[in-house]
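Residue 59 in this note's numbering is what sits at position 40 of the sequence shown, and the numbering runs on without skipping anything.
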Amino acid sequence: MTPANRDRQLSPQTNDNAALLLVTCGGVVLSLLLLKPLIGAITGALLLYAFTRRFYGWCLRRIPNATVTAALVVCLTTLSLVIPTVLALRTVGMRAIAAIEMIRQQIAVSGSPRLFERMSGGRLVLASLGGRDTLSRIAQQILGLTSNLAMSFLGGTVVVLTQSIIMLFLLYFLLRDGERALVRLHTYLPFRSSEFRFLTGRVTRSVHATVFGRLVIALVQSLLSWVLFGALHVPGSLLLANLTFVCALIPTFGAVLVWFPVMLWLLFLHAWTRALILLALGTLLVSTADNVLYPIVVGSRAQMHTAPMFLSILGGMWMFGISGIFLGPLLFTVTDALLAIMRHRDPVSPGG
Numbered sequence: 020m021t022p023a024n025r026d027r028q029l030s031p032q033t034n035d036n037a038a039l040l041l042v043t044c045g046g047v048v049l050s051l052l053l054l055k056p057l058i059g060a061i062t063g064a065l066l067l068y069a070f071t072r073r074f075y076g077w078c079l080r081r082i083p084n085a086t087v088t089a090a091l092v093v094c095l096t097t098l099s100l101v102i103p104t105v106l107a108l109r110t111v112g113m114r115a116i117a118a119i120e121m122i123r124q125q126i127a128v129s130g131s132p133r134l135f136e137r138m139s140g141g142r143l144v145l146a147s148l149g150g151r152d153t154l155s156r157i158a159q160q161i162l163g164l165t166s167n168l169a170m171s172f173l174g175g176t177v178v179v180l181t182q183s184i185i186m187l188f189l190l191y192f193l194l195r196d197g198e199r200a201l202v203r204l205h206t207y208l209p210f211r212s213s214e215f216r217f218l219t220g221r222v223t224r225s226v227h228a229t230v231f232g233r234l235v236i237a238l239v240q241s242l243l244s245w246v247l248f249g250a251l252h253v254p255g256s257l258l259l260a261n262l263t264f265v266c267a268l269i270p271t272f273g274a275v276l277v278w279f280p281v282m283l284w285l286l287f288l289h290a291w292t293r294a295l296i297l298l299a300l301g302t303l304l305v306s307t308a309d310n311v312l313y314p315i316v317v318g319s320r321a322q323m324h325t326a327p328m329f330l331s332i333l334g335g336m337w338m339f340g341i342s343g344i345f346l347g348p349l350l351f352t353v354t355d356a357l358l359a360i361m362r363h364r365d366p367v368s369p370g371g
């Protein structure tokens, strides 16, 4: 058989393989685009799976029914998430209502323009604004902005609730069918058994490192907040520190949700010095602890240098949003593991 005849016989098969590869790549890309709106729920489910997998195995040895055990673990996980959230929201709501009532009583006694004039430097500011009419217009604009923020918050709450339901739904199937899913995934990937175990081990270590790092940073920020609130004689400093721990589990800006309203409350009480101290230390100490310590803690646990860990977090946030804080280091870890597998398969001599 001549080479030309051989090429003609192989050409249809080659074309079929190329077409299949093209269609497969298109399907993978479209599937990823479909999952993009749910990236937060998927990331949360994977993190909760890594956190509850051992507890699920312990329960499964005592309740030999995967369906019942997975449902039980999901219910316990839901309670462990919902109860602290409800208590925190109840505390914040009660304090907000108390603050609003105090403002209402002061306005009823003094009137809103009088109340503003009573503030230190209020007359100078009132004169520079052009009188009380200008101040009233500014107050109306602030009320309108507050209304818009409230509507945005309500819409965001609906999104968070939807993502949370999807996250728990995925967690149930990850617990029940996770091991079988890994076995099936292995059949699709071109890895030997030892290589696949190495890859999954690195991924598991990275996920555990991100969860551990988030908890450590939340604990550090809550302790710093407790010391700061206590030094500034803020009432309920221990309760606010516990609330900081819960909010600090939200990456990047979680602690701000606690100390910034406290700073505004100090401003309303005319405690200017304490408010400025809280603003400075809250920004430079409490909130910065997340950005500085998180790459160090996670990098040491995931066996990755601090610099690439820091870059992976920043790049992940730019690409995936808040979920990128977990997905960025995970992608770097997977890539590093794949490079290690390639070096092991095809070692290169030092002489080139």
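Note that CB positions come from ideal geometry on N, CA and C, so glycine has one too.
Of the residues the options, the one placed nearest residue i, counting alpha carbons only
| i | options | result |
| --- | --- | --- |
| T86 | N36, L193, H363 | L193 |
| A195 | T352, N36, K55, G76 | Residue identity differs from the one stated: residue 195 is Arg in this sequence, not Ala. Of the candidates T352, N36, K55, G76, the one whose C-alpha sits nearest the C-alpha of R195 is G76. |
| F217 | V275, I360, A64 | I360 |
| L106 | R233, C266, L187, R73 | C266 |
Beta-carbon spacing of residue i, residue j below 8 Å
| i | j | result |
| --- | --- | --- |
| S331 | L357 | no |
| Y223 | V317 | Looking at the sequence itself, residue 223 is Thr, so the reference to Tyr does not match. Against a cut-off of 8 Å, the Cβ pair of V317 and T223 comes out as no contact. |
| L243 | V305 | yes |
| L65 | V226 | yes |
| L190 | T96 | yes |
| T62 | C78 | no |
| L300 | L247 | yes |
| A60 | I185 | yes |
| A321 | P348 | yes |
| I264 | L238 | The question names Ile, but residue 264 is Phe in the sequence shown. In contact: F264 and L238 (Cβ atoms closer than 8 Å). |
| V92 | F74 | yes |
| T352 | R221 | yes |
| F339 | I58 | yes |
| Q201 | T219 | The amino acid occupying residue 201 in the given sequence is Leu; Gln does not appear at that position. Cβ distance < 8 Å, so L201 and T219 count as in contact. |
| V281 | L259 | yes |
Between the CA atoms of residue j and residue i - distance to the nearest angstrom
| i | j | result |
| --- | --- | --- |
| L145 | L283 | In this prediction, L145 has a pLDDT of 45, which is less than 50 and means its spatial position is unreliable; nothing more can be read from the coordinates. |
| G257 | S212 | The question names Gly, yet the displayed sequence has Leu at residue 257. Distance between the alpha carbons of L257 and S212: 51 Å. |
| E198 | F70 | 15 Å |
| G130 | F279 | Residue placement at G130 is flagged as unreliable, the pLDDT there being 48, under the threshold of 50; a coordinate-derived value is accordingly withheld. |
| P37 | T354 | A small fix is needed here, since residue 37 is Ala in this sequence, not Pro. Using only the alpha carbons, I get a separation of about 26 Å. |
| R364 | L52 | 33 Å |
| L285 | W291 | 7 Å |
| L251 | L295 | 11 Å |
| A326 | Y313 | 12 Å |
| I102 | S183 | 14 Å |
Bounding residues of the alpha helix (DSSP H) (the contiguous stretch that carries residue i)
| i | result |
| --- | --- |
| R216 | 212-250 |
| V277 | 275-287 |
| L257 | 256-267 |
| A69 | 58-81 |
| A299 | 291-300 |
Next item on the list: Note down, one range per segment and in chain order, each alpha helix (DSSP H) of at least 4 residues found wholly within the region 319-363.
Entry: Counting only runs of 4 or more, we get 325-339.
Item checked: Contained beta strand (DSSP E) runs [length at least 3] in the region 89-113, N- to C-terminal order -> Listed in chain order, nothing qualifies, since the region 89-113 has no complete beta strand (DSSP E) run of 3 or more residues.
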